[in-house]
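Shown next, in C-alpha cells, is the structure this report addresses.
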Amino acid sequence: MAIFEVGTKYYDTSACDHNCIFVVEIVKRTAKTVTFRRNGQERRAKIHTDNNGEYIIPERYSMAPVFRASREYVEAPEEAEEATTSPDPVAAYIPQAAQPTDHPGVVMVGQPVVGNWGAMCPMGIGVIVGFVERMATRWTSATTMAVIRWDDGHTSMEALEDIHPRGWRSPSGSPLGVFFAR
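In terms of the numbering used here, the sequence shown opens at residue 9 and continues consecutively.
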C-alpha cells in the first residue's frame, strides 16, 4: 500500500485538461494528516485510504484534484530528453513561437502554419510538406489541398482556401482554423 512520505512531491491532473498538472510537496506527516506545500502555501489535509493506498483531497469542489501516494511527481531531466529525440528534417521549418501573420500570397512547401483547435486543445504547429489535387465530385469542387505535417507527428490535408491569414474569423466570429504562421 502506497503511503505519503515527507519531502516527496505528488501530482494529479485536472479533470478538464490533462495537460494541467497540480503538484504538492509533503512537508510534515502524522498518522491521520499531512501538511503539504502547494503554490508557496502550507496547508493540512486529512489522509484517506482505499485499496490503492493513501490519498488526500485538499479542496472541496466537484473537480478538485485528488493527490494519491501512488502518483509520485518526478521531474524529467532536460538534457536527457533532448539527447533521446532524433533529429527531424522538418523541425527547422516549424517555428518555436508561432504567431499568425498576414496572408503570404504565395504558398510553398516548408511554410509554417498554426492550427487553433479550440478550448482545451493545444495549438498545433505544423509545416506544409506537399500539395495534392482533389478531384471534383458530385458534391465538392476540384481544389488544391496542402498536406500539413503537425508537431505531434500526424499529417492532414487542408484546402488552400481554408488556410487563413492573421486575424481571420468565421462569419459567426469563431477564431478556429488553420492560419499562416508567417
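Even glycine gets a Cβ: it sits at the ideal position worked out from N, Cα and C.
| field | Enclosing beta strand (DSSP E) for F139 [first to last residue] | value | To locate residue 139, count along the sequence shown from 1; it is residue 131. Segment G132 to R142, the beta strand (DSSP E) holding F139.
| Other residues of its chain near M143: CB distance less than 7 Å, five sequence neighbours each side excluded | Here residue 143 is taken as the residue at index 135 of the sequence shown, counted from 1. Correct list, in chain order: A150.
| Which residues in the same chain as M128 place their Cβ atom closer than 6 Å to its Cβ, once the five residues preceding and following it in sequence are excluded? | As a working note, residue 128 is residue 120 in the sequence shown. Its chain contains D25 as the residues whose beta carbon lies nearer than 6 Å to that of M128, once the 5 sequence neighbours on both sides are disregarded; these appear in chain order.
| request: Below 6 Å CB to CB, which residues in the same chain sit around K36 once its five sequence neighbours on both sides are set aside? | output: Taking the sequence shown and counting its residues from 1, one reaches residue 36 at position 28. Correct list, in chain order: T43.
| Sequence ranges, beta strand (DSSP E) only - wholly within the region 34 to 73, length at least 3 | 41 to 46, 49 to 54, 56 to 58 and 61 to 64
| request: Would you kindly work out how many angstroms separate the C-alpha atoms of M153 and S182, rounded to a whole number? | output: Against the sequence shown, residue 153 aligns to sequence position 145. Against the sequence shown, residue 182 aligns to sequence position 174. If you take the alpha carbons of M153 and S182, they lie about 22 Å apart.
| query | Looking at the structure shown, is D170 part of a helix, part of a strand, or coil, going by DSSP? | reply | Taking the sequence shown and counting its residues from 1, one reaches residue 170 at position 162. Helix.
| message | At the level of alpha carbons, what is the spacing between G8 and R51? | response | There is simply no residue 8 to check, as the chain begins at 9 and stops at 190 in what is shown.
| request: Within its chain, find whatever has a CB closer than 7 Å to the CB of M9; leave out the 5 residues flanking it on each side and keep chain order. | output: Taking the first residue of the sequence shown as position 1, residue 9 is located at position 1. So the qualifying residues of the chain are G61.
| task | Please classify Y81: does DSSP put it in a helix, a strand, or coil? | result | Here residue 81 corresponds to residue number 73 of the sequence shown, with the count starting at 1. In the structure shown, the three-state DSSP call for Y81 is coil.
| message | For V82 and F30, what's the separation of their Cα atoms in angstroms? | response | For this step, residue 82 is matched to residue 74 along the sequence shown. For this step, residue 30 is matched to residue 22 along the sequence shown. Rounded to the nearest angstrom, the two C-alpha atoms are 13 Å apart.
| field | Span of the beta strand (DSSP E) around G123 | value | For the purposes of this step, residue 123 is taken as the residue at position 115 of the sequence shown. G123 -> beta strand (DSSP E) spans P120 to N124.
| CA nearest to the CA of P66, picked from P130, D58, C28 and V32 | For this step, residue 66 is matched to residue 58 along the sequence shown. Nearest of P130, D58, C28 and V32 to P66, Cα basis: V32.
| query | Would you call the CB atoms of A77 and I11 closer than 7 Å? | reply | Residue numbering aside, residue 77 sits at position 69 when the sequence shown is read from its first letter. Residue numbering aside, residue 11 sits at position 3 when the sequence shown is read from its first letter. In contact: A77 and I11 (Cβ atoms closer than 7 Å).
| task | Alpha carbon to alpha carbon, how far is P130 from R157? Give it in angstroms, no decimals. | result | Start at 1 with the first residue of the sequence shown, and residue 157 comes out as number 149. Start at 1 with the first residue of the sequence shown, and residue 130 comes out as number 122. Roughly 16 Å separates the two Cα atoms.
| said: For K40, which residues in the same chain have their Cβ closer than 8 Å to its Cβ, ignoring the five residues on either side in sequence? | reply: Here residue 40 corresponds to residue number 32 of the sequence shown, with the count starting at 1. Counting only Cβ-Cβ distances below 8 Å, and skipping sequence neighbours, we find K54 and I55.
| message | Can you list, in chain order, the residues of its chain with a C-beta nearer than 6 Å to that of R177? Leave out the 5 residues immediately preceding and following it. | response | On the sequence shown, residue 177 is found 169 positions in, with the first residue counted as 1. Non-local C-beta neighbours of R177 in its own chain, meaning closer than 6 Å and more than five positions away in sequence, comprise P183, ordered along the chain.
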